[in-house]
Amino acid sequence: MPAFGELARFWVYLSASPLLGLTMTLCAYLAAYRITAVFKGAPLANPVAIAIGLLALALWLSGMSYQTYFAGAQFVHFLLGPATVALALPLVRQLPRLRRSLLPLSCALLCGCVVAIVSSVAVALLLGATPELAATLGPKSATSPIAMAVSERLGGIPALSAALVIGTGIFGAMTGPWLFDRLRIASPAARGFALGLSAHGVGTARAFQTSAETGAFAGLAMGLNGALTALLAPWLVPRVMAWFA
Numbered sequence: 037m038p039a040f041g042e043l044a045r046f047w048v049y050l051s052a053s054p055l056l057g058l059t060m061t062l063c064a065y066l067a068a069y070r071i072t073a074v075f076k077g078a079p080l081a082n083p084v085a086i087a088i089g090l091l092a093l094a095l096w097l098s099g100m101s102y103q104t105y106f107a108g109a110q111f112v113h114f115l116l117g118p119a120t121v122a123l124a125l126p127l128v129r130q131l132p133r134l135r136r137s138l139l140p141l142s143c144a145l146l147c148g149c150v151v152a153i154v155s156s157v158a159v160a161l162l163l164g165a166t167p168e169l170a171a172t173l174g175p176k177s178a179t180s181p182i183a184m185a186v187s188e189r190l191g192g193i194p195a196l197s198a199a200l201v202i203g204t205g206i207f208g209a210m211t212g213p214w215l216f217d218r219l220r221i222a223s224p225a226a227r228g229f230a231l232g233l234s235a236h237g238v239g240t241a242r243a244f245q246t247s248a249e250t251g252a253f254a255g256l257a258m259g260l261n262g263a264l265t266a267l268l269a270p271w272l273v274p275r276v277m278a279w280f281a
């Protein structure tokens, strides 16, 4: 069994190196992308959700701690910043249309941001959640770094906020296109802006799978909603809590 021996030696080498986390992440996403392709990009076959499931299964089977895994996966995490900045490129190509749509986009941004914050906190409190959990849910529609910072400022749980952000993004990316079709929303700008506003980075990635125009508007909404959430959530969340006190 020479092939098995080589594989075993390769695993021993990787397990003692930070490269293991990076290798696992890349392999999980490649496998998830292949699975998504088999289902022809169906919304429910979301590559991010599949990759997370594969990684969780691999960590559980191998007994590896998350800290050990992240020691290698942090290289991919570092690339999140440059990837976000790169979203400016398709935005530049859509600048003329963005200028023409400035008023409706601004109204949609404000309404979407306020509804996302107020509804999540109000529903949580109505269901009996503690103020700490409600504060954790408030910024869930922003990107993870912003959501974690806002959650900490509000007295929430930043780590749980990050998990909720990922869950919100996956759910939005999976159900958004289906909902748009049912509502007969065909405009790439409207579909992209709604996905980026409600499902941040994961929704933006899903939007780019549709078209560059849809992705550009999703990237714009993601960035603006993150900034607006950082401004409004610290003011809105305590007032919503006061209504239910």
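In my numbering, the protein residues as written are 37 to 281.
From the three backbone atoms N, C-alpha and C, an ideal C-beta is built for every residue, glycine too.
Secondary structure in the region 167 to 202: the alpha helix (DSSP H) runs of 4 residues or longer, each lying completely within the stretch, are 167 to 173 and 180 to 190 in chain order. With a contact defined as Cβ atoms closer than 8 angstroms, Leu91 and Thr61 qualify at about 7 angstroms. Within the model, the alpha-carbon separation for Arg129 versus Ala252 is close to 8 angstroms. Secondary structure at Ile88: helix, using DSSP grouped into helix, strand and coil.
Closest in C-alpha terms to Ala68, from the list Asn261, Ala78, Ala87 and Leu58, comes Ala87. Taking all protein chains in view, the Cβ of Ala225 is crowded by 16 or more other Cβ atoms within 10 Å, so the residue is classified as buried. Pairing Leu256 with Leu141 gives a Cβ-Cβ distance under 9 angstroms. Under the DSSP assignment, Gly57 falls in the alpha helix (DSSP H) whose first and last residues are Leu55 to Val74.
The three-state reading of DSSP puts Arg275 in helix, counting H, G and I together. In the same chain as Phe111, and ignoring 5 residues on each side of it, the C-beta atoms closer than 6 angstroms to its own belong to Leu58, in chain order. Out of Ala222, Lys176 and Ala170, the CA that lies nearest to the CA of Cys149 is found in Lys176. Distances from the CA of Leu56 to each of Asn82, Gly108, Thr240 and Tyr65 were compared; the closest alpha carbon is that of Gly108. Around the beta carbon of Glu168, fewer than 16 other beta carbons lie within 10 angstroms, which makes this residue exposed. Taken through DSSP and simplified to helix, strand or coil, Leu163 comes out as coil.
Membership of Gly232 in the alpha helix (DSSP H) is indicated by the continuous run Pro224 to Thr246. In this structure Val273 is not in contact with Gly164, their Cβ atoms being roughly 17 angstroms apart against a cut-off of 8 angstroms. In this model, Phe106 and Gly89 are separated by some 16 angstroms (Cα to Cα). In the three-state reduction of the DSSP assignment, Arg220 falls in the coil class, being assigned neither a helical nor a strand state.
Closest option to Leu134, judged by alpha-carbon separation, among Gly228, Ala241, Val154 and Leu267: Gly228. Per DSSP, Leu80 is not a residue of any alpha helix (DSSP H), being assigned neither H nor E. The beta carbon of Pro270 is closer than 8 angstroms to those of Val186, Arg189 and Leu190 in its chain, skipping five residues each way along the sequence. Judged by beta-carbon spacing, Leu233 lies within the 9 angstroms limit of Ala144, meaning their Cβ atoms are closer than that value.
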